Structure formats: structure tokens, C-alpha cells
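Since the structure comes first, as C-alpha cells, the remarks are kept for the end.
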Ligand code: BGC
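In the working numbering, the protein residues as written are 916 to 1296.
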């Protein structure tokens, strides 16, 4: 049963911001709660929705960027605690932060030289990462307010978020109607369904940019986490982190995670690709055909026993080890986020696909519907 409750603050019309102080989930009952999370400088109100399942797992999602701001999952002893990095309040998210938990669009990861050609026409995008475009440009989907509708499905509590990106926004063609549905399932999964339609030929590559530390945000680095990625190949990059076009076998390289291996085991090796990424910041080509929800990765944190599996319909996974975090950002509870204090597993099509005809296509045409699904499944052992 789903119900929505405004906090007293919101009922009284108080326009202050809420901090991330969540009531512990009551076991045995799933629900969705809505509270005011503050206002943007232009006054636009931002809400925080908290989805809870009957086991006690909670997902906090805000309408600014559709970002996951908290995610509590069980450890070996059944203790639920937060496993994602984020800021303490909305004001924190309005400072330059590296996409914590946000929906990324229109194009996840990089488009080389901030341009691409479609149907013979060159589209110029803002360059926001040296000469390239990263995560949709200067004002990507992470910096827009999404319209939210809470509900429930057979699988659990849902939060539907919609945003329509105007024709030409950040240089991309076509009015793009995007819908992202988060479902917190009864089986301790956060499921994300992305759909989009367009009225002109365009390109699209949506993902979520959650930063995970299964020992807790601000609890040291993630080098002891054990990672398996179901990929025999990855896409090596140039100095600007643009894929060269090669699909390189991982065998015999520090990129081989086909057997579960500690993130830190090889990250410091004298390897050209690790140096270019300042660690892992690459696109793994998943061992699958297109379509179908298949297991892409599994991560185990040995101290707490927490396990996260990633399942996706997408062909690839960006595994990023928080190489650009440097301890200066203070997140939830004022805790600094050190270098490699989190990892991201961004399910996606390959970076720079619009300029790489041999890569799986990211084109979307009018009349077609873009639809991808990714599931983050949590347990402990
Ligand atoms: C990119 C990184 C980038 C990070 C945060 C990742 O998806 O691959 O290079 O630093 O996002 O912006």
C-alpha cells in the first residue's frame, strides 16, 4: 500500500530546506513519503521522496536532477545503512558536485570534440570537459527539475519522473520527452526504467550517476571492494578519455574483472590506460547480445558483507573509481569524500557512439521509444 505524506514543515508552508534526516523505515510496510527539500535560487520548490519497502530498505530521491540522495541497504547483521555519496542538503547539490546520484542525459559520458554528425548535419554541443562534452553538456538532465508522481506497481513503490528537453537544448536536436521510473522492489532492488521519445532524429544515452561505497559514504576508500564485471572487452581511451574505437580484450590486463578482484589490487599498476583514467574510468563491453536484462557486475564489501549486483539491458558499463574526488567536498554529515572514496557503475551505450559508426547506435527516431532498464540489487554475505 502506498501513501504520501507531507512533512509538517511543508504543510505549514515553511520554505526552509530539509536535511537528509530520514525516519528509520518501519519494517513490514512499504510506502512513499514526500517532503520539501528546499528551493532553487529562482524559488522553484524541490521535493524529496523517500521510498521504503517492507524489509526496511529506503531510497531517497529528489526532483532536482532526479538524483538518488540516499539508499539504505542491509549488512551481514541485517543493519540498514546508507551506501551512496551525496550532499547534506539541497544547497550542497547546488555547488559544483560531480553528478552525485543524478540522472544523466541527454548523453551519458563523453562526445568527442563536442560535436557529432547526424543525417549529414553537424551538431555543436557545449564543451564542458576540455574539448569534449560530458554528461549532456553545461546544463544536463542532472541540473533540471523533474516532475514527480509517486505510485506503486506489483514490484514495489515507484517514483515516476518526467522531463521534456527542448529542441536544441545543449545543442541536441528534437524535443525529447524523457521518463525515468524508480522502483524500490520488495527484493531490495532499486530498479530504474528509462524511456524517451523524440520528434526529430536525435541521439540519447541515459544513465544514473550514483557513487557507491558499500561501507558507507565517507568511510574511507573503496579499494578493498571486490568487483566482478561480466565483460571480456573494454574500450580503451585517448588522453581526453574518448574511446579510440578499439574493443580491447581485458585478458592479461588490470581491466580483467571477469573473476572477482579487489578494486585496489591492480589500480596502481604501470598501465597506459590506468594512467590515462587516473585509475578505472572506462567503458566495459558487456558479454551479451543486445536486449534482455542480464547481470553486468557484482560488488562485495568484505567488512560489512554488503553485496550489490548490477543488472541491465544496456550493452556497456562505465566503471569509475572516484579518481577525481580529492577530499575537499564535504558530504552528508560533513564527512569529506576522499580520492577513490566511491565507485560508479553507469550502465550505458559506449561513450562517443554518435561519432563511432561501428559502436552500437544511440540514435532515436520519431515514432520509436528508447527504453532501457537497470537494476541495483542488494544483499549481504
Ligand atoms: C566519467 C568521469 C567523470 C565522472 C564525474 C564519469 O562518468 O567517466 O570521467 O569524472 O563521471 O564527472
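Cβ atoms here follow ideal geometry from the backbone N, Cα and C, with glycine treated the same way. Given the structure is predicted, the values throughout are model-derived calculations rather than measurements.
Exercise. Any heavy atom of the ligand BGC within a distance shorter than 8 Å of the CB on residue 1066?
Worked result: Taking the chain shown and counting its residues from 1, one reaches residue 1066 at position 151. Result no, Cβ not under 8 Å from the ligand BGC.
For this session: Can you give me the start and stop residues for the alpha helix (DSSP H) that residue 1187 sits inside?
Result: For this step, residue 1187 is matched to residue 272 along the chain shown. Unbroken alpha helix (DSSP H) run through residue 1187: 1187-1192.
Problem set entry | Burial state of residue 946, where buried means 16 or more other Cβ atoms lie within 10 Å | Position 31 of the chain shown, counting from 1, holds the residue named residue 946. Buried: at least 16 other Cβ atoms inside 10 Å.
Problem set entry | Beta-carbon spacing of residue 1013, residue 1240 below 9 Å | Position 98 of the chain shown, counting from 1, holds the residue named residue 1013. Position 325 of the chain shown, counting from 1, holds the residue named residue 1240. Cβ atoms of residue 1013 and residue 1240: closer than 9 Å.
Problem set entry | Opposing strand residues paired with residue 996 [DSSP bridges] | Here residue 996 refers to the residue found at position 81 when the chain shown is read from its first residue. Looking at the DSSP output, residue 996 sits in a beta bridge with 988.
For this session: List the whole-angstrom C-beta distance separating residue 1195 from residue 1236, where the pair is believed to meet the contact cut-off of C-beta under 8 Å.
Result: Start at 1 with the first residue of the chain shown, and residue 1195 comes out as number 280. Start at 1 with the first residue of the chain shown, and residue 1236 comes out as number 321. About 4 Å; that satisfies the 8 Å criterion.
Exercise. According to DSSP, is residue 1055 helix, strand or coil?
Worked result: Numbered from 1 along the chain shown, position 140 holds the residue referred to as residue 1055. Three-state DSSP puts residue 1055 in coil, outside helix and strand.
Exercise. Where does residue 1272 land, buried or exposed, given buried means 16+ other C-beta within 10 angstroms?
Worked result: As a position in the chain shown, residue 1272 is number 357, starting the count at 1. The residue in question, residue 1272, is exposed, as its Cβ has fewer than 16 Cβ neighbours within 10 Å.
Problem set entry | Status (buried if at least 16 other CB within 10 Å, exposed otherwise) for residue 1161 | Here residue 1161 corresponds to residue number 246 of the chain shown, with the count starting at 1. Classification of residue 1161: exposed, given that the 10 Å Cβ count is below 16.
Problem set entry | Cβ separation of residue 1138 and residue 1107, assumed to be a contact under 8 Å, to the nearest whole Å | As a first step, residue 1138 must be located in the chain shown, where it is residue number 223. As a first step, residue 1107 must be located in the chain shown, where it is residue number 192. About 27 Å; that fails the 8 Å criterion.
Exercise. Using DSSP with H/G/I as helix, E/B as strand and the rest coil, what is residue 1240?
Worked result: Sequence index remark: in the chain shown, residue 1240 carries index 325 (1-based). Of the three classes helix, strand and coil, the one that applies to residue 1240 here is coil, per DSSP.
For this session: Pick helix, strand or coil for residue 1029, following the three-state DSSP scheme.
Result: Numbered from its first residue, the chain shown carries residue 1029 at position 114. Correct three-state label for residue 1029: helix.
Exercise. How would you label residue 1136, buried or exposed, when you count the other beta carbons within 10 angstroms and need 16 or more for buried?
Worked result: Position 221 of the chain shown, counted from the start, is the residue given in the question as residue 1136. By the neighbour-count rule (16 or more Cβ atoms within 10 Å), residue 1136 is buried.
Exercise. Which whole runs of the alpha helix (DSSP H) in the segment 1060-1131 are 4 residues long or more, in chain order?
Worked result: none
For this session: Classify residue 926 as buried or exposed, calling it buried when 16 or more other Cβ atoms lie within 10 Å of its own Cβ.
Result: Stepping through the chain shown from its first residue, residue 926 is reached at position 11. Confidence in residue 926 is poor, its pLDDT being 34 and thus under 50, which makes the residue's placement unreliable; the coordinate value appears in the next sentence. Per the 10 Å Cβ criterion, exposed.
For this session: Give the single residue among 959, 1129, 1065 whose Cα lies nearest to the Cα of residue 1217.
Result: In the chain shown, residue 1217 corresponds to position 302, counting from 1. Minimum Cα distance to residue 1217 is reached at 1129.
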